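If you read the sequence shown in my numbering, its first letter stands for residue 8, the second for the next number, and so on.
Note that beta-carbon positions come from the ideal geometry of N, C-alpha and C, so glycine has one too.
All figures in this text were calculated on a predicted structure; none of them were measured in a lab.
One structure is given here, and the rest of the page talks about it.
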Amino acid sequence: MRFASIGSGSKGNATLVSVADTLLLVDCGFSVRETERRLARLGVSAGDIDAILVTHEHSDHSAGVARLSRRHRIPVYLTHGTLGSGRLEDCFETRCIHSEAAFRVGVIDVQPVAVPHDAREPCQYRFSHAGRSLGVLTDLGSITPHVVRHYRGCDGLVLEFNHDLELLQAGSYPPSLKRRVAGDWGHLNNRQAAALLGEIGHAALRYLVVAHISENNNCRDRAAAALAEVYGELDERVVWADQQGGFGWLEL
Ligand SMILES: [Zn+2]
Ligand SMILES: [Zn+2]
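Here is the structure:
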């Protein structure tokens, strides 16, 4: 199993998961042209994508989905609630999933996981094939037992370290937006993400990708400090995703 990203953060997200001939794209928050340009950096063409799996309707995850799916005739998997948001109705083809029910695309088993986030019916995903598994977990405001249970024992994990609480509070966002981001239905701060990692365990992780980092309310030093408290000294298994570059292919 291989995975990569063409960009991660509040201005756009899209993650690739690949096993043998099956290639999945999780979210697409970029224009078609930008997506195609970024995919080329990873040696992939959009025509190779078998399915787009959407986590929720926020534009940093959905902005490019419908157009990309039409242009390349790619089916889109999403929850009823996400479809009901009205932002993804003109896809090439939509396939509604239940946020509790596992399904399969090509050779990849997919487990959706419902998360607390201020969207219609958000879910995140865990991917498995031949005893290897990858968790993708961004855009959640708090840690639930359900999330902990579903992300235990992953070999790879893409985890949101959205903001540093002090930087957010001291920053320029209006009070209502600060409350939203920091709230139980917003985004994980560095300490919450580190605590989650402590709960699900990191000893077996081959890669931990620090993702969806706010450019306004976070910095690597603060995320690294919070992570180190749980993880110990950071090593080559820790990979940093960013808005421009995402991260390159990693193999599990
Ligand atoms: Zn997001
Ligand atoms: Zn979101």
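Review point. For ligand 1, any of its heavy atoms closer than 7 Å to the Cβ of residue 67?
Key: In the sequence shown, counting from the first residue as 1, residue 67 sits at position 60. At least one heavy atom of ligand 1 is nearer than 7 Å to the Cβ of residue 67, so yes.
**Study point:** For residue 55, the first and last residue of its enclosing alpha helix (DSSP H)
**Key:** Your numbering for residue 55 matches position 48 in the sequence shown. No alpha helix (DSSP H) contains residue 55, which DSSP labels as neither H nor E.
Review point. So the beta strand (DSSP E) residue 188 belongs to, where does it begin and stop?
Key: In the sequence shown, residue 188 corresponds to position 181, counting from 1. Run containing residue 188: none in the beta strand (DSSP E); it sits in the alpha helix (DSSP H), 182–189.
Review point. When the Cα of residue 49 is compared with those of 61, 11, 41 and 123, which residue comes out closest?
Key: Counted from its first residue, the sequence shown places residue 49 at position 42. Taking only the C-alpha atoms, the option nearest residue 49 is 11.
Point to revise | Contact set for residue 255: own chain, Cβ-Cβ below 8 Å, skip 5 residues either direction | key: Within the sequence shown, residue 255 is the residue found at index 248, counting from 1. Closer than 8 Å at Cβ, skipping near neighbours: 11 and 49.
Exercise for review: For my contact list, residue 57 and residue 86 are in at a C-beta cut-off of 8 Å; report their separation, rounded to the angstrom.
Suggested key: On the sequence shown, residue 57 is found 50 positions in, with the first residue counted as 1. On the sequence shown, residue 86 is found 79 positions in, with the first residue counted as 1. Their Cβ separation, rounded to whole angstroms, is 19 Å, which puts residue 57 and residue 86 out of contact at 8 Å.
Review point. Cβ-heavy atom distance between residue 170 and ligand 1 below 7 Å?
Key: Locating residue 170 in the sequence shown gives position 163, counting from the first residue. No, Cβ of residue 170 sits at least 7 Å from all heavy atoms of ligand 1.
Exercise for review: Report yes if the C-beta distance between residue 127 and residue 64 is below 8 Å; otherwise report no.
Suggested key: Counting from one through the sequence shown, the residue named residue 127 turns up at place 120. Counting from one through the sequence shown, the residue named residue 64 turns up at place 57. The beta carbons of residue 127 and residue 64 sit closer together than 8 Å.
Check your understanding: Is the number of C-beta pairs between the segment 100–118 and the segment 163–179 that are closer than 8 Å three or more?
Key -> no
Practice item. Have a look at residue 205 and residue 131 and give me their C-alpha separation to the nearest angstrom. Key: Within the sequence shown, numbered from 1, the residue matching residue 205 stands at position 198. Within the sequence shown, numbered from 1, the residue matching residue 131 stands at position 124. Going by the C-alpha atoms only, they are around 19 Å apart.
Check your understanding: Is residue 136 near ligand 2, in the sense that its beta carbon is under 7 Å from a heavy atom of that ligand?
Key -> Numbered from its first residue, the sequence shown carries residue 136 at position 129. Result no, Cβ not under 7 Å from ligand 2.
Exercise for review: Per DSSP, which residues does residue 196 bridge with? Please list them.
Suggested key: For the purposes of this step, residue 196 is taken as residue 189 along the sequence shown, with counting starting at 1. Answer by DSSP bridge pairing, in chain order: 170.
Exercise for review: Could you spell out the range, first to last residue, of the beta strand (DSSP E) harbouring residue 136?
Suggested key: Counted from its first residue, the sequence shown places residue 136 at position 129. 130–136 is the extent of the beta strand (DSSP E) around residue 136.
**Study point:** For residue 144, the first and last residue of its enclosing beta strand (DSSP E)
**Key:** For the purposes of this step, residue 144 is identified with residue 137 of the sequence shown, where counting begins at 1. Element bounds for residue 144: 139–144.
Exercise for review: Could you work out which residue in 153, 149 and 81 is closest to residue 59 when comparing CA atoms only?
Suggested key: Walking along the sequence shown from the start, residue 59 turns up at place 52. Residue 81 is the option with its Cα nearest to residue 59.
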